[in-house]
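Chemist: Every number in my numbering is 39 more than the matching position in the sequence shown, counting from 1. Glycine included, every Cβ here is placed at the ideal spot set by N, Cα and C. Please read all numbers here as calculations on a predicted model, not as lab measurements.
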Amino acid sequence: MARAAINVLGATGAKYDLVSNGSTDVDSYRKSKGVYVITGSLGMVPFPPVDVGWGYTVNQMDSRADVDIDFADDLLTVTVTKDGQPYDLKHMITLHILVPDAPTVEMPVMTDVPAAEV
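#1: Quick one: Cα of residue 140 to Cα of residue 68, how far?
#2: DSSP state of residue 146, grouped into three classes?
#3: Quick one: using the 10 Å Cβ neighbour count with 16 as the cut-off for buried, is residue 100 buried or exposed?
#4: Whose C-alpha, out of 147, 91, 51, 115, is nearest the C-alpha of residue 77?
#5: With DSSP as the reference, label residue 151 as helix, strand or coil.
#6: Helix, strand or coil: which one does DSSP assign to residue 140?
#7: What does a CB cutoff of less than 8 Å around residue 71 pick up in its chain, not counting 5 residues either side in sequence?
#8: Give the straight-line distance between the Cα atoms of residue 41 and residue 97, rounded to the nearest whole angstrom.
#9: Using DSSP's beta-bridge definition, name the partner residues of residue 67.
#10: Determine whether the beta carbon atoms of residue 74 and residue 118 lie at a separation below 8 Å.
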């Protein structure tokens, strides 16, 4: 497993950016008001002492929102509420997730090429 950070836009649920040393086959969408789904992840990076995950970060304008994260059936679901009601983030959320390792790339075997005669 590898780590990644994904930014998900609040208005649409679209993936804004993904930084990963592993697989980049990760996407996101807005399922309904305040519900965002991330596909292609293996869940969140665990918190210490198991690992050094940091969870999620929201923009300051959304700091009063409550965030609940669930991973089931290969889907990472982020539910956001404010004052007990579904809430679409005004900006975005950054999630520290696990992803599959990047596929191994086989390097071609180089053969000796005779030097050109001058």
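Modeler: Based on what the coordinates show:
#1: The alpha-carbon atoms of residue 140 and residue 68 are separated by roughly 23 Å.
#2: coil
#3: exposed
#4: 115
#5: coil
#6: Note: residue 140 maps to coil in three-state DSSP.
#7: Taken in chain order, the residues that qualify are 125.
#8: 22 Å
#9: Residue pairing by DSSP puts residue 67 in a beta bridge opposite 77.
#10: Closer than 8 Å, so yes.
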